[in-house]
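Participant: What follows is a single structure, and I will ask about it in a moment.
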Amino acid sequence: MIPGYSRPSAKRKVVLTCAVSGNAPVNPRYPYQYPITPAQIADTVAEAAAAGATVAHIHVRDPETGHGSRDPKLFRETVDRIRQRGTNILINLTAGAGALFLPDPEDESRGLPESDMLSAEGRTEHLRDCLPDIASIDVTTGNQVEGDFDYVYLNTPYTLRRMAELFRLYGVKPEMEVFQAGDVLFANQMYAERLINDPPLYQFVLGVKWASPAETSTMIYLRDLLPTGAHWAGFGIAHRQMPMVAQAVLLGGNVRVGLEDNLYLDRGVFATNGQLVERARRIIEDLGEAVATPEEAREILGLRSA
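The number in our numbering is simply the position in the sequence shown, starting from 1, with 14 added.
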């Protein structure tokens, strides 16, 4: 035994989220059934739960086109299917849609018809209907590129504050997704204004183009900006997914994996949600910690009773 060292009396409980579906275009080479319909999403949530996931983070897609959707009816059908089959997992719905501004290149004061901007009430309609345990609130504004379009993912302070008020009204825990340091600082401000209930919950999104890189130094820096008592998780995009799982665990955070962020188990080897959860769980356990059950996470994160 090293002098002065004392082994922790119990393993830390790590909340393991699986982001099962996403809304980005699906790689046409993906060989498995990518979850698109509410039934398929419910099936993959059950798969993630069986593999050990604590939380399922959920987007929905148009069953006809496969494209990402914000249709409240699709969210309701998906959540109802998960609950009716009795899957033991916490439900985390995205509230990120309705913030897409595509400026007209000939006059950037105008948005192109493909823009999709909603009020805070419109962006949280499905939360009022479904009452999930958690929902993401993207505390960020950033430049992005998709195909031939430049666009701005636009979340104004007014809209974010109003969304936080509605989350609290509905009793839904906000998971504040932050992409860079200024996002953390504004999330901290909302917490200081008591728009966010104790304990605050942050999610570091690392590896997105034009935002924060998926590196150890980034994760440490963002973690050190958090208020006392905050809970946090961090994840990396694509090939940085599993390294960031290990890094988050070592730094005292929670983790996220799933097909929304990464389609691969290894280089050139496609994965399923269950396989990604299994690998993340093994990393957590190999590092001496344990995956939190949904019941344990409910207590840790201060969620309302089931």
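Every residue, glycine too, gets a C-beta built ideally from N, C-alpha and C. The model shown is predicted, which means the values in this text are computed figures rather than measured ones.
Contact defined as beta carbons within less than 8 Å: I believe glycine 36 pairs with glutamate 274. What is the distance between those atoms, to the nearest angstrom?
Facilitator: About 3 Å; that satisfies the 8 Å criterion.
Participant: Cβ-heavy atom distance between alanine 201 and the ligand FMN below 7 Å?
Facilitator: What this structure holds is no ligand at all, so the ligand FMN is not there to describe.
Participant: What does DSSP give as the partner residues of phenylalanine 321 in its beta bridges?
Facilitator: There is simply no residue 321 to check, as the chain begins at 15 and stops at 320 in what is shown.
Participant: Does the beta-carbon of cysteine 162 have 16 or more other beta-carbons within 10 angstroms, so that it is buried, or is it exposed?
Facilitator: Before going further, note that residue 162 is aspartate rather than cysteine in the sequence given. With fewer than 16 other Cβ atoms within 10 Å, it is exposed.
Participant: Just the Cα atoms here: how many angstroms apart are leucine 114 and glycine 288?
Facilitator: Approximately 31 Å between the Cα atoms of the pair.
Participant: Where does tyrosine 122 fall in DSSP's three states?
Facilitator: Per the sequence presented here, residue 122 reads as glutamate, with tyrosine not at that position. Three-state result, glutamate 122: strand.
Participant: So within the region 162–229, which uninterrupted alpha helix (DSSP H) runs reach at least 4 residues, ignoring any that extend past its ends?
Facilitator: The region 162–229 contains these whole alpha helix (DSSP H) runs: 171–184, 195–206.
Participant: Tell me the DSSP bridge mates of phenylalanine 326?
Facilitator: Any question about residue 326 goes unanswered here, given that the chain covers just 15 to 320.
Participant: Leaving aside the five residues before and after alanine 53 along the sequence, list all residues of the same chain whose C-beta is less than 8 Å from its C-beta, in chain order.
Facilitator: So the list reads Arg95, once near-sequence residues are dropped.
Participant: Please state whether the Cβ-Cβ distance between methionine 256 and arginine 293 is less than 8 Å.
Facilitator: Yes, the Cβ-Cβ distance between methionine 256 and arginine 293 is below 8 Å.
Participant: Could you check whether methionine 190 and leucine 215 sit closer than 8 Å to each other, using their CB atoms as the reference points?
Facilitator: Their beta carbons are under 8 Å apart, which means leucine 215 touches methionine 190 by this criterion.
Participant: Ends of the beta strand (DSSP E) at isoleucine 314?
Facilitator: Isoleucine 314 -> not in any beta strand (DSSP E); alpha helix (DSSP H) instead, spanning 308–314.
Participant: Starting from threonine 108, follow the alpha helix (DSSP H) in both directions and report where the run begins and ends.
Facilitator: Looking at the DSSP string, threonine 108 is not in any alpha helix (DSSP H); the run it does join, the beta strand (DSSP E), is 104–108.
Participant: Measure from the alpha carbon of glutamine 158 to the alpha carbon of each residue in Leu116, Pro45, Ser123, Thr51, then state which is nearest.
Facilitator: Checking every option, the nearest Cα to that of glutamine 158 belongs to Leu116.
Participant: Just tell me which of Asn211, Val166, Thr286, Thr79 has its CA closest to the CA of serine 123.
Facilitator: It is Val166 whose Cα lies nearest to the Cα of serine 123.
Participant: Glycine 248 lies in the beta strand (DSSP E); which residues open and close that run?
Facilitator: 245–250 is the span of the beta strand (DSSP E), which, as asked, contains glycine 248.
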